[in-house]
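Structure record follows, encoded as structure tokens.
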């Protein structure tokens with residue numbers, strides 16, 4: 004299976020989760036597992052691309068676009084369910100538009116999203132394996148915890164304190180995930196400023 008096929012599978016699995024979530028107790032448990040799988044596959048597709056020596060500009064852009072769709076779908080969905088505050092998807096979506104806009108300018112100069120990161124500290128915050136791990140892990144943890152809220156409510160229906168504690172923990176994890184997302188987005192704007200200035204001069 005190619006890396007791009009894995010990315011497509013992640014998108015399809017995300018759609019399935021949104022469609023069936025909340026239908027039944029055991030379906031909700033399956034959705035929690037599916038969300039974890041979606042983020043495990045996010046790491047796998049990069050490994051597959053490198054091992055098959057098929058890391059391309061299209062693959063890099065497609066992977067980032069898929070990440071945007073998946074995370075935005077989950078942020079918006081869990082906000083609509085009332086599990087998190089509306090400022091969270093607003094912050095993430097705004098960050099995504101800004102960074103992806105800058106990355107599109109870099110692509111016109113032949114630079115992939117990772118190649119455009121030229122300053123050591125910006126590259127470390129955005130492109131390093133440890134940075135990408137914490138980003139993916141924080142989102143995976145946030146979305147699996149949020150998806151598990153109705154499961155916990157069902158299991159501990161007679162114990163409001165447990166449900167409340169779990170819901171609060173889920174929100175805190177979600178806030179941390181948003182914070183990491185914003186922190187990793189800032190270096191893209193710093194490194195991308197030269198592309199913004201270059202395009203303004205050309206106009």
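In the working numbering, the protein residues as written are 4 to 206.
Just so it is clear, CB atoms sit at the ideal spot from N, CA and C, and this is done for glycine as well.
As the structure is a prediction and not an experimental result, all values here were calculated from the model.
Can you tell me which of the three DSSP states residue i falls into?
i, result
"residue 80", "helix"
"residue 89", "coil"
"residue 60", "helix"
"residue 5", "coil"
In whole angstroms, what separates the C-alpha of residue i from that of residue j?
i, j, result
"residue 37", "residue 100", "27 Å"
"residue 92", "residue 82", "8 Å"
"residue 30", "residue 75", "22 Å"
"residue 157", "residue 19", "22 Å"
"residue 27", "residue 154", "9 Å"
"residue 140", "residue 146", "10 Å"
"residue 5", "residue 46", "13 Å"
"residue 166", "residue 159", "7 Å"
"residue 63", "residue 77", "21 Å"
"residue 2", "residue 149", "Absent from the structure is residue 2, since the part of the chain shown begins at 4 and ends at 206."
"residue 111", "residue 14", "27 Å"
Any heavy atom of the ligand ZN within a distance shorter than 7 Å of the CB on residue i?
i, result
"residue 162", "You won't find the ligand ZN in this model; it holds no ligand whatsoever."
query: In the segment 93-167, which residue ranges form an unbroken beta strand (DSSP E) of at least 3 residues, counting only runs that do not cross its ends?
result: Listed in chain order, the beta strand (DSSP E) runs fully inside the segment 93-167 amount to none, counting runs of at least 3 residues.
query: Does the segment 135-151 come close enough to the segment 190-201 to have 3 or more Cβ pairs within less than 8 Å?
result: No: fewer than three Cβ pairs fall under 8 Å.
Touching by the beta-carbon criterion (3+ pairs, under 8 Å), the segment 119-127 and the segment 185-196: Touching, yes, given that three or more Cβ pairs across the two stretches are closer than 8 Å.
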